[in-house]
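Asker:
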Amino acid sequence: MNIKLDKDLIPVTIYTDMSIKIQGFVHVIKTSRLSDMLKSSFGKSEFIPVTECSLFDIRTNKNSKVDFLLLNRDHIVIIYENKG
Numbered sequence: 016m017n018i019k020l021d022k023d024l025i026p027v028t029i030y031t032d033m034s035i036k037i038q039g040f041v042h043v044i045k046t047s048r049l050s051d052m053l054k055s056s057f058g059k060s061e062f063i064p065v066t067e068c069s070l071f072d073i074r075t076n077k078n079s080k081v082d083f084l085l086l087n088r089d090h091i092v093i094i095y096e097n098k099g
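Numbering (the working numbering), first residue to last: 16 to 99.
1. Compute the beta-carbon to beta-carbon distance between Leu85 and Ile37, rounded to the nearest angstrom, for a pair I have assumed lies under 8 Å.
2. Determine, using beta carbons only, whether Val41 and Val27 come nearer to each other than 8 Å.
3. Compute the Euclidean distance between the alpha carbons of Ile18 and His90, then round it to the nearest angstrom.
4. By a C-beta neighbour count over all protein chains shown, 10 Å radius and 16 as the cutoff for buried, is Gly39 buried or exposed?
5. Rounded to whole angstroms, what's the CA-CA distance from Asn78 to Lys45? Just pull it up for me.
6. Would Asp72 and Ile35 be called neighbours here (beta carbons separated by less than 8 Å)?
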């Protein structure tokens, strides 16, 4: 059985405890907020999928890009939605 849910892309900036800044998109169920996604997935998965990612290493000033990553939520220091 294949159930597909309509999702919105939310642009986010994430800072990790490894001095990495990530800018990309998290996918949330339509009409949900970032906070809803974080609360609803808590306990279900240790990882948050992020797509179209730009990574910036704050220590070395190096940039890279990846299409997809799974971020362990234990490494998140700050996450916020990019508005505008």
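Backbone N, C-alpha and C fix where the C-beta goes; we use that ideal spot for every residue, glycine too.
Answerer: Working from what's here:
1. In fact, because the Cβ distance is near 12 Å, the residues do not count as touching under 8 Å.
2. yes
3. 30 Å
4. buried
5. 31 Å
6. yes
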